[in-house]
Amino acid sequence: MVRENQILQLLKQSIEKLSQQEEVLRFAEIKNPWFTQKNITVALDGWIHSLNDPTSSEWLKFYDFSSVNENANKKLGIIAAGNIPLVGLHDVLCGVLCGYTVWLKPSSDDETLMKWVISDWTAQLQQNSIWNAIEIVEQLKGIDAAIATGNNNSARYFEYYFRHIPHLLRNNRNSVAVLGPQDQLNENDYINLGLDVFQHFGLGCRNVTKVFLPVGFEFKPLFDVWEQHFADTLFHNKYANNYNYHKALLLMNLDPHIDAGYILMNERTQIHSPVGVLNYSYYNDIQEVSADLTHNKDVIQCVVSSLKAIPEISNILPLGTSQYPLLSDFADGVDTVEFLLGNGDR
């Protein structure tokens with residue numbers, strides 16, 4: 088377990104160093120205006136949080152890495168997403184832990200940060216005689232396994248392209264929030280819900296795009312708090328363009344909605360909502376929510392709630408924590424390490 092712990096700590100050091108590279112962070116925002124300094128900081132803090140001991144060490148104990156040498160001559164191809172900073176790094180980490188040579192095709196939206204971390208981390212791995220190679224590539228040919236993240240349309244292409252090798256494909260997912268009785272909510276609850284909604288402008292799979300509200304919920308207390316803490320989101324040009332576009336669509340279609348001035352509230356059954364829009368629905372009984380979440384489990388990444396428990400739903404997260412996943416919080420709920428150690432049958 089010494090090797091694996093060292094890999095995690097070297098990655099943590101690289102990310103901590105990146106957080107001090109002001110020119111790199113500014114250039115990343117110039118290349119991709121969605122990557123504001125604030126949102127980059129959230130992503131880097133989330134990574135440092137997940138890599139801190141003892142959490143990371145406990146995670147490693149779930150696996151038997153004794154067979155990693157068998158993967159020494161195998162190449163793992165990764166097609167990374169770029170919706171939020173360093174979103175594809177978890178797959179790279181899993182590949183390194185499992186002994187593969189990793190060929191990474193980063194998203195053009197996240198080239199700057201990803202390439203910097205990979206360069207610094209690779210140098211540290213080599214200095215410490217951990218010889219896993221991580222290479223930035225344009226094409227993935229001659230690989231032994233693949234992990235690809237994209238939208239639902241690209242997933243069909245990936246399924247065909249990687250049909251002859253073990254592969255792990257990820258589609259679009261979103262997250263939801265469930266609020267309990269309003270008389271049990273306070274200002275901090277509303278702020279924390281706002282973090283789950285507005286961080287990364289709602290672009291991440293862990294961002295809340297749908298909220299379940301108890302019947303009779305009054306929006307004014309929520310909006311009063313959000314006005315103070317999140318209304319300046321509208322100052323971001325790309326977010327404002329999305330907000331104004333969807334507002335125009337709702338108005339032209341005479342579609343009932345609530346306009347908070349910086350986000351549009353749309354009463355919908357769907358989990359997914361576009362940037363600038365938050366879907367909501369009311370419930371009388373928490374069992375209704377449980378049934379809805381179970382029915383939509385294949386498109387839900389995580390559930391945050393002011394409630395401590397929801398019947399038949401596990402891994403409920405506190406409000407405000409959606410952007411701070413642990414290393415064990417795998418995308419789509421599929422254990423990437425187990426897939427790579429066994430090389431899967433997918």
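First residue of the sequence shown: 88, per my numbering; consecutive thereafter. All residues carry an ideal CB built from backbone N, CA and C; glycine is no exception. Predicted model, so just to flag it, every value in this text is computed and none were measured.
Exercise. Kindly indicate which three-state DSSP category E222 falls into: helix, strand or coil?
Key: Looking up residue 222 in the sequence shown gives position 135. Strand.
Exercise. Would you tell me roughly how many angstroms separate the C-alpha atoms of T236 and K395, rounded to the nearest one?
Key: Position 149 of the sequence shown, counted from the start, is the residue given in the question as residue 236. Position 308 of the sequence shown, counted from the start, is the residue given in the question as residue 395. Whole-angstrom Cα-Cα distance: 32 Å.
Quiz item: What does a CB cutoff of less than 6 Å around P193 pick up in its chain, not counting 5 residues either side in sequence?
Solution: Taking the first residue of the sequence shown as position 1, residue 193 is located at position 106. For P193, where only same-chain residues beyond five positions count, the Cβ hits under 6 Å are A167, M201.
Quiz prompt | 3 or more residues per run - each beta strand (DSSP E) lying fully within the region 330-405 | solution = 351-354, 364-370, 387-392, 403-405, all fully within the region 330-405.
Quiz item: Anyone know if the C-beta pair for A264 and V298 falls short of 7 Å?
Solution: The sequence position of residue 264 within the sequence shown is 177, counting from 1. The sequence position of residue 298 within the sequence shown is 211, counting from 1. Against a cut-off of 7 Å, the Cβ pair of V298 and A264 comes out as a contact.
Quiz prompt | Residue from N170, K162, V183 whose Cα sits closest to the Cα of N41 | solution = Any answer about residue 41 is impossible in this case: the structure gives the chain only from 88 up to 433.
Practice problem: Quick one: give me the first and last residue of the beta strand (DSSP E) that F299 is part of. | Solution: To locate residue 299, count along the sequence shown from 1; it is residue 212. For F299, the enclosing beta strand (DSSP E) begins and ends at 295-301.
Quiz item: According to the neighbour-count rule (16 or more other Cβ atoms, all chains shown, within 10 Å of its Cβ), is S195 buried or exposed?
Solution: As a working mapping, residue 195 is identified with position 108 in the sequence shown. That one is exposed.
Quiz item: Can you list, in chain order, the residues of its chain whose CB lies under 8 Å from that of W203, leaving out five sequence neighbours each side?
Solution: Within the sequence shown, numbered from 1, the residue matching residue 203 stands at position 116. Taken in chain order, the residues that qualify are L105, Q108, V111.
Exercise. Would you list the residues sitting across from A233 in a DSSP beta bridge?
Key: For the purposes of this step, residue 233 is identified with residue 146 of the sequence shown, where counting begins at 1. Looking at the DSSP output, A233 shares a beta bridge with G164, H254.
Self-check item: Distance between N219 and S401 (C-alpha atoms, nearest Å)
Solution: Translated into positions along the sequence shown, residue 401 becomes position 314. Translated into positions along the sequence shown, residue 219 becomes position 132. Going by the C-alpha atoms only, they are around 36 Å apart.
Quiz item: Is the beta carbon of R260 less than 7 Å from the beta carbon of V386?
Solution: One-based indexing of the sequence shown puts residue 260 at position 173. One-based indexing of the sequence shown puts residue 386 at position 299. Against a cut-off of 7 Å, the Cβ pair of V386 and R260 comes out as a contact.
Practice problem: Verify whether the separation of the beta carbon atoms of L266 and L300 is less than 7 Å. | Solution: Stepping through the sequence shown from its first residue, residue 266 is reached at position 179. Stepping through the sequence shown from its first residue, residue 300 is reached at position 213. Yes, they are a contact pair.
Quiz item: Three-state secondary structure (DSSP) at W121?
Solution: Your numbering for residue 121 matches position 34 in the sequence shown. In the structure shown, W121 sits in coil (DSSP, three-state: anything other than H, G, I, E or B).
Self-check item: Of the listed residues E354, N366, S393, nearest to I373 (C-alpha basis)
Solution: For the purposes of this step, residue 373 is taken as residue 286 along the sequence shown, with counting starting at 1. Minimum Cα-Cα distance from I373 among the listed residues E354, N366, S393 corresponds to S393.
Self-check item: Neighbour-count burial assignment, Q388, 16 or more Cβ in a 10 Å radius
Solution: As a working note, residue 388 is residue 301 in the sequence shown. By the neighbour-count criterion, in which a residue is buried when 16 or more other Cβ atoms sit within 10 angstroms of its Cβ, Q388 is buried.
Quiz prompt | One or two residues paired with N261 in a DSSP bridge | solution = Here residue 261 refers to the residue found at position 174 of the sequence shown. Here N261 is bridged, per DSSP, to I387.
Quiz item: DSSP puts V189 in a beta bridge; with which residues?
Solution: Looking up residue 189 in the sequence shown gives position 102. For V189, which the question treats as bridged, DSSP gives the partners L163, I221.
Quiz item: Is the CB-CB distance between S101 and W208 below 7 Å?
Solution: As a working note, residue 101 is residue 14 in the sequence shown. As a working note, residue 208 is residue 121 in the sequence shown. In this structure, S101 places its C-beta atom within 7 Å of the C-beta atom of W208.
Exercise. Assign S153 to one of three DSSP states: helix, strand, or coil.
Key: Position 66 of the sequence shown, counted from the start, is the residue given in the question as residue 153. For S153, the three-state secondary structure derived from DSSP is coil.
Quiz item: Which residues in the same chain have their Cβ closer than 6 Å to the Cβ of A418, if we skip the five residues on either side of it in sequence?
Solution: As a working mapping, residue 418 is identified with position 331 in the sequence shown. Result list for A418: R257, in chain order.
Practice problem: Can you grab the Cα-Cα spacing for the pair M352 / D416, in whole Å? | Solution: For the purposes of this step, residue 352 is taken as residue 265 along the sequence shown, with counting starting at 1. For the purposes of this step, residue 416 is taken as residue 329 along the sequence shown, with counting starting at 1. Taking the straight line from one Cα to the other gives about 29 Å.
Quiz item: Between which two residues does the alpha helix (DSSP H) containing N429 stretch?
Solution: Working through the sequence shown from its first residue, we reach residue 429 at position 342. It should be pointed out that residue 429 corresponds to Gly in this sequence rather than to Asn. The continuous alpha helix (DSSP H) containing G429 extends over residues 423-429.
Practice problem: Report the three-state DSSP secondary structure of K202 (helix, strand or coil). | Solution: In the sequence shown, counting from the first residue as 1, residue 202 sits at position 115. Three-state DSSP puts K202 in a helix.
Exercise. Please say whether G169 and D197 have beta carbons closer to each other than 7 Å?
Key: Along the sequence shown, read from residue 1 onward, the residue named residue 197 stands at position 110. Along the sequence shown, read from residue 1 onward, the residue named residue 169 stands at position 82. At a Cβ-Cβ threshold of 7 Å, D197 and G169 count as neighbours.
Practice problem: Work out the CA separation of N119 and W134 for me, nearest whole Å. | Solution: For this step, residue 134 is matched to residue 47 along the sequence shown. For this step, residue 119 is matched to residue 32 along the sequence shown. Cα to Cα, the separation comes out at about 20 Å.
Practice problem: Flag this pair as yes or no: are the beta carbons of V424 and Y369 separated by less than 7 Å? | Solution: Taking the sequence shown and counting its residues from 1, one reaches residue 424 at position 337. Taking the sequence shown and counting its residues from 1, one reaches residue 369 at position 282. The answer is no: Cβ separation not under 7 Å.
Quiz item: Relative to the alpha-carbon of T123, which residue among K325, F245, F149, E222 has its alpha-carbon at the smallest distance?
Solution: As a working mapping, residue 123 is identified with position 36 in the sequence shown. Minimum Cα-Cα distance from T123 among the listed residues K325, F245, F149, E222 corresponds to K325.
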